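Presented below is the structure to which this report refers.
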Amino acid sequence: MRTQLRLDEALDDTPQLRSLLKLFEEDSGNLRQWCRALDSALVRLTTAQTEIAAATAHLSAVVAAYQDQRLPLEQTELDMPDVTGRLTQTIGEVGSWMEVASQQLSNSVVFPVRRLLTELDQLHNVHKPMFHDCRTALTDAEERFAKAGRKDAPRKLEEVNNDVFLAKQNFHQAALVYYSHLNGLQFLRYTHVVEPLLALVYAFRSFFTTGHEGLKVNEVTSYLTRTQEQVQR
Numbered sequence: 638m639r640t641q642l643r644l645d646e647a648l649d650d651t652p653q654l655r656s657l658l659k660l661f662e663e664d665s666g667n668l669r670q671w672c673r674a675l676d677s678a679l680v681r682l683t684t685a686q687t688e689i690a691a692a693t694a695h696l697s698a699v700v701a702a703y704q705d706q707r708l709p710l711e712q713t714e715l716d717m718p719d720v721t722g723r724l725t726q727t728i729g730e731v732g733s734w735m736e737v738a739s740q741q742l743s744n745s746v747v748f749p750v751r752r753l754l755t756e757l758d759q760l761h762n763v764h765k766p767m768f769h770d771c772r773t774a775l776t777d778a779e780e781r782f783a784k785a786g787r788k789d790a791p792r793k794l795e796e797v798n799n800d801v802f803l804a805k806q807n808f809h810q811a812a813l814v815y816y817s818h819l820n821g822l823q824f825l826r827y828t829h830v831v832e833p834l835l836a837l838v839y840a841f842r843s844f845f846t847t848g849h850e851g852l853k854v855n856e857v858t859s860y861l862t863r864t865q866e867q868v869q870r
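For the sequence shown, the positions run 638 to 870 when the numbering used here is used.
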């Protein structure tokens, strides 16, 4: 089956072309509906990632505020201000990684899908109605031309003929634009769906890799071990 609408057939109105166009319209309509669900899911994910980054930053600030508390009964065996200070630094660093992941999701994942959805909305709300209106106008003009008889005034025949010419011109232009956008979707579904989803996986991989490398350094490992031993005494 053909996966492109030939622009050199834009003026044709054969049953075969209408059938093929119907498949393209069904395809774009279903893709538009699915992209709405995808956009909603990605927005939900990005919002959650942004929220957890903000919550982590807030947690870091709360832990840091421990040093400002007046706690008369605090024991001196475990230097709590030092412990909370170090933990504040680590939690804040984790929060910064989460913030980077949130920005990557917004820029590299949500934005391209939103652009595709905008293209689909424009195709459905603008180009499709314009194409079908122009096709209807051409059909009406051709019917008026067919009904015009030789007995009609030359001026009326010329007017009807001009109507057909203008209707064909408008239909041809609308068809070229409509077919081009429908054909473009065959490429956009990969560049604006597959690539953003790959970017999603890369963003998470980068986040976990950064976290793994950042928290496994000897300084952090020894600090965690030493603090845990002090708590368990």
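The beta carbon of each residue, even a glycine, is placed where N, CA and C say it ideally should be. Just so you know, these numbers come straight off a predicted model, no measurement behind them.
Handout entry: Pro709 (DSSP reduced to helix, strand or coil)
Key = coil
Problem - Buried versus exposed call for Thr693 [16 or more other C-beta atoms within 10 Å across all chains shown] - result: buried
Problem - Contacts around Asp800, its chain only, beta-carbon distance under 7 Å, and the 5 residues preceding and following it disregarded - result: Ala778, Arg781
Exercise for the section: Compare the C-alpha of Gln806 against each of Thr776, Thr651, Pro652, Thr687 and name the closest. Expected result: Thr776
Handout entry: Local Cβ density within 10 Å of Pro718, reported as buried at 16 or more and exposed below that
Key = exposed
Handout entry: Residue ranges of each alpha helix (DSSP H) within the stretch 776 to 831, 4 or longer
Key = 791 to 826
Practice task
State the Cα-Cα distance for the pair Glu795 and Lys784, rounded to the nearest angstrom.
Solution key: 13 Å
Handout entry: Alpha-carbon to alpha-carbon, Leu657 and Phe845
Key = 47 Å
Exercise for the section: To the nearest angstrom, report how far apart Ile689 and Gly729 are at their CA atoms. Expected result: 12 Å
Practice task
Would you check if there are 3 or more beta carbon pairs closer than 8 Å linking the stretch 822 to 833 to the stretch 753 to 760?
Solution key: yes
Exercise for the section: Whole angstroms is fine: what's the gap from Gln759's alpha carbon to Asp770's? Expected result: 16 Å
Practice task
Alpha carbon to alpha carbon, how far is Glu850 from Leu834? Give it in angstroms, no decimals.
Solution key: 24 Å
Exercise for the section: Measure the Cβ-Cβ separation of Ala647 and Gln686 and say whether it is below 8 Å. Expected result: no
Problem - Where the alpha helix (DSSP H) containing Ser745 begins and where it ends - result: Here Ser745 belongs to no alpha helix (DSSP H), and DSSP marks it neither H nor E.
Exercise for the section: Please state whether DSSP places Leu682 in a helix, a strand or coil. Expected result: helix
Handout entry: Short Cβ contact (8 Å threshold) for Gln741 with Gly722
Key = no
Exercise for the section: Using three-state DSSP, classify Lys853 as helix, strand or coil. Expected result: coil
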